[in-house]
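**Student:** This is the structure I want to talk about, given as structure tokens.
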């Protein structure tokens, strides 16, 4: 179940939000676990990295939403953060706390529902669980973030991770679907690239954040950039 | 001169083959009024004129002249029936003639190679009175099948590309003339060959000649259609360039206006402060003035001047139209793009969205815009509320509305612009959102292009 936190001090805005959530649940036949907080301080006090999506008002008492978000990011870099605000001028800087987007107040149902849909798609890529890899007898736990790319080499799959390269028996086609779900995309017939680790795409050349360069095949060239934008914007799938 | 010889009958067969081939190319063109009546009269007229062309001799030169005359008659018929320029009609007719010649040659290659009718397939050029090669039922069957196949292939490959709603121009007139001459030359050489050889004695020579004719006509056809298509892109580019130029002028104007507002606001704030210190006027009234000035005073600061200008301008426009325009923008990330390009790109996207949203209820009117740096790339995402389903060609939407040109060029121009920075642009509509995603690699020396 998708877990949502709403940090909002205005009672009327909170009740409007509740109304929209229930309307969305009915329309989309889905159920969310929604928690409401009326101050950023109380939200941070109780915070454990357990939410998928956070809606954050900017104009909060004691500590404003931007500062709360900065603190939040120290603990959770993955959660999808969306501002709710009538202070558009502050939200412009939302990129500094890696905000997914913001919804202007007064919130309309259409702007809320389209945003929530994208946010849900976006968190579909998230993965908190570690992946276990059998490294010649011993089990290694790796977070998906730590895998830069997976490659077929000599009939083996090689996981190129920050901890080292791990060869495994298997074929790309057997793991492809699973990893695409984690936010990977095929660069060519033998390499699956972690989209989080892409540093730049220029023509058919993809540079990863560890400076590894991967060349896209002709058939994947267009698709790769498209997958990447969908991964970023949460409008794929 | 008007004896019922094989050639006399063949004149009419040729006219029918030619008109059928030409119709493959003109079928989608704009028809004139009373089209059916025109077609009937043209068919009668063409048949009459063809009848009237005398057969003075059976030599290759006169024969070619005769076929050329019939060809000219067919062009006139096309001009009478369709509302299309002379050059465009000629283009279609020449293409038709080339196809007729390819089909004819293919049929001859088949007959000469198999000698299915005992080597009489070229008798229609003769003065014999035994009639055409249709005496043989099998050869007639082969004739029909070959012509139909080639005509269908020609339509699929080329004919259907000529559509009435498309602008139809020929880029390079001299190349077009060369193409026409090449096709006519192929046909003339062919008649010389045919009239000086005998099917049974010169089987190989004839096969080579006809095969060569098919190849040269196909190549010239392909070339001709390249000329036509190239022009289309050239014309599109010209429109796009014009749009960019207008955007640039518009940008300079908008920037000037906003600069003036900024200066005025700055002055006003100081004046208000001065008055307040004097303590003469009601402070509440002053606060009010200050607030109203703040609207302009707090002009958007994204870190990129051009983005500030376009967002300020569009925000005012959106505010007036009850559209919520929101953005998260790290303007510094696009400092490598030229000011007029930024203005053009964002202005176009937002204008398209505004135009669409004005047709929707107020609570559906929102536009969301992002400019984010992702490692060494900048990602631009622009979305607005959207209902319905668009159809796409080459990844760009084709609007069903009458103003197809404007929208088409809008996204086309944006895509060209993005590609000029080695970026990619994707347009889609999904889950009640119309969205444009742009991904541009940030050049290494960020300030070099500014």
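Protein chains in written order, with my numbering: chain A, 339 to 575; chain B, 20 to 469. All residues carry an ideal CB built from backbone N, CA and C; glycine is no exception.
Enumerate, from N- to C-terminal direction, the unbroken alpha helix (DSSP H) stretches of 4 or more residues contained entirely within the segment 373-407 of chain A.
**Tutor:** 378-384
**Student:** Does DSSP put residue 153 of chain B in a helix, in a strand, or in coil?
**Tutor:** Residue confidence is low: residue 153 of chain B scores 49 on pLDDT, short of 50, so the model does not pin down where it sits. No coordinate-derived value is stated.
**Student:** Go through its chain and collect everything with a Cβ distance to residue 399 of chain B's Cβ below 7 Å, but skip five positions before and after it.
**Tutor:** 389, 390 and 457
**Student:** Inspect the beta-carbon positions of residue 562 of chain A and residue 554 of chain A and report whether they are closer than 8 Å.
**Tutor:** yes
**Student:** Take the Cβ of residue 507 of chain A as the centre, count every other Cβ of all protein chains shown within 10 Å, and call the residue buried at 16 or more, exposed below.
**Tutor:** Flag for residue 507 of chain A reads exposed.
**Student:** Beta carbons nearer than 8 Å to chain B: which residues of the segment 547-570 of chain A have them?
**Tutor:** 547, 560, 563, 564, 566, 567, 568 and 570
**Student:** Put residue 444 of chain A into one of helix, strand or coil per three-state DSSP.
**Tutor:** coil
**Student:** Residue 256 of chain B: buried (16+ other C-beta within 10 angstroms of its C-beta) or exposed?
**Tutor:** exposed
**Student:** Helix, strand or coil for residue 577 of chain A per DSSP?
**Tutor:** Nothing can be reported for residue 577 of chain A, as the shown portion of chain A is limited to 339 through 575.
**Student:** For residue 450 of chain B, return the contacting residues in chain A, with the cut-off set at a CB-CB distance below 8 Å.
**Tutor:** 452, 455, 456 and 573
**Student:** Is the Cβ of residue 541 of chain A closer than 8 Å to any Cβ of chain B?
**Tutor:** Taking Cβ atoms only, chain B reaches closer than 8 Å to residue 541 of chain A, which makes this a yes.
**Student:** I need the boundaries of the alpha helix (DSSP H) containing residue 510 of chain A, first residue and last residue.
**Tutor:** Element bounds for residue 510 of chain A: 510-519.
**Student:** Which same chain residues, not among the five before or five after residue 476 of chain B, have their C-beta less than 6 Å away from its C-beta?
**Tutor:** Given a span of 20 to 469 for chain B in the structure shown, any question on residue 476 of chain B remains unanswerable.
**Student:** When you compare the CB positions of residue 377 of chain B and residue 340 of chain B, do they come within less than 8 Å of one another, or not?
**Tutor:** At a Cβ-Cβ threshold of 8 Å, residue 377 of chain B and residue 340 of chain B count as neighbours.
**Student:** Note down the Cα distance separating residue 150 of chain B from residue 141 of chain B, rounded to an integer number of angstroms.
**Tutor:** Interpretation of residue 150 of chain B is limited by its pLDDT of 46, a score under 50 that renders its predicted location unreliable; the figure taken from the coordinates is listed afterwards. Between residue 150 of chain B and residue 141 of chain B, the C-alpha separation is close to 12 Å.
**Student:** Grab me the residues of residue 44 of chain B's own chain with a C-beta within less than 6 Å of its C-beta, minus the 5 sequence neighbours each way, in chain order.
**Tutor:** 111, 114, 115, 178 and 181
**Student:** Excluding the five sequence neighbours on either side, which residues of its own chain have a C-beta within less than 7 Å of the C-beta of residue 351 of chain B, listed in chain order?
**Tutor:** 322 and 323
**Student:** Helix, strand or coil for residue 416 of chain B, going by three-state DSSP, please let me know.
**Tutor:** strand
**Student:** Nearest to residue 383 of chain B by CA position, among A:540, A:515 and A:444, is which residue?
**Tutor:** For the options A:540, A:515 and A:444, the alpha carbon positioned closest to that of residue 383 of chain B is the one of A:444.
**Student:** Report the partner residues of residue 423 of chain A according to the DSSP bridge assignment.
**Tutor:** A:442
**Student:** What residues of chain A sit near residue 458 of chain B, judged by a beta carbon separation below 7 Å?
**Tutor:** Neighbours of residue 458 of chain B on chain A, chain order: 539, 563, 566 and 567.
**Student:** Which whole-angstrom value describes the C-beta separation of residue 460 of chain A and residue 450 of chain B, a residue pair presumed to lie in contact below a C-beta threshold of 8 Å?
**Tutor:** At roughly 12 Å, the Cβ-Cβ gap does not stay under 8 Å, so residue 460 of chain A and residue 450 of chain B are not in contact.
**Student:** Can you find a C-beta in chain A that's less than 8 Å from the C-beta of residue 395 of chain B?
**Tutor:** It does; some Cβ of chain A falls within 8 Å.
**Student:** Should the segment 99-111 of chain B be called in touch with the segment 45-64 of chain B, which here means at least 3 C-beta pairs below 8 Å?
**Tutor:** yes
**Student:** What residues of chain B sit near residue 430 of chain A, judged by a beta carbon separation below 8 Å?
**Tutor:** 319, 320, 321, 346, 347 and 348
**Student:** Going by DSSP in three states, residue 546 of chain A sits in which element: helix, strand or coil?
**Tutor:** strand
**Student:** So residue 389 of chain B is in the beta strand (DSSP E); what residue range does that whole segment cover?
**Tutor:** 385-393
**Student:** Helix, strand or coil for residue 263 of chain B, going by three-state DSSP, please let me know.
**Tutor:** helix
**Student:** Strictly below 9 Å CB to CB, what residues from chain B border residue 364 of chain A?
**Tutor:** Near residue 364 of chain A there are no residues of chain B at all, since even the closest Cβ is about 16 Å away, more than 9 Å.
**Student:** Work out the CA separation of residue 94 of chain B and residue 109 of chain B for me, nearest whole Å.
**Tutor:** 7 Å
**Student:** Determine the contact status of residue 570 of chain A and residue 347 of chain B, defining contact as a CB-CB distance below 8 Å.
**Tutor:** no
**Student:** Can you look up residue 565 of chain A in the DSSP assignment and give me helix, strand or coil?
**Tutor:** helix
**Student:** Determine the burial state of residue 54 of chain B: buried for a count of at least 16 other Cβ atoms within 10 Å of its Cβ, exposed for fewer.
**Tutor:** Exposed, since its Cβ has fewer than 16 Cβ neighbours within 10 Å.
**Student:** Give me the subset of the segment 524-538 of chain A whose CB atoms are less than 8 Å from a CB atom of chain B, sorted by chain position.
**Tutor:** Within the segment 524-538 of chain A, those residues whose Cβ lies closer than 8 Å to any Cβ of chain B are, in chain order, 536, 537 and 538.
**Student:** How do the segment 390-405 of chain A and the segment 341-355 of chain A stand: do at least 3 beta-carbon pairs fall below 8 Å, yes or no?
**Tutor:** yes
**Student:** Check residue 431 of chain A in the structure and name its three-state DSSP category.
**Tutor:** helix
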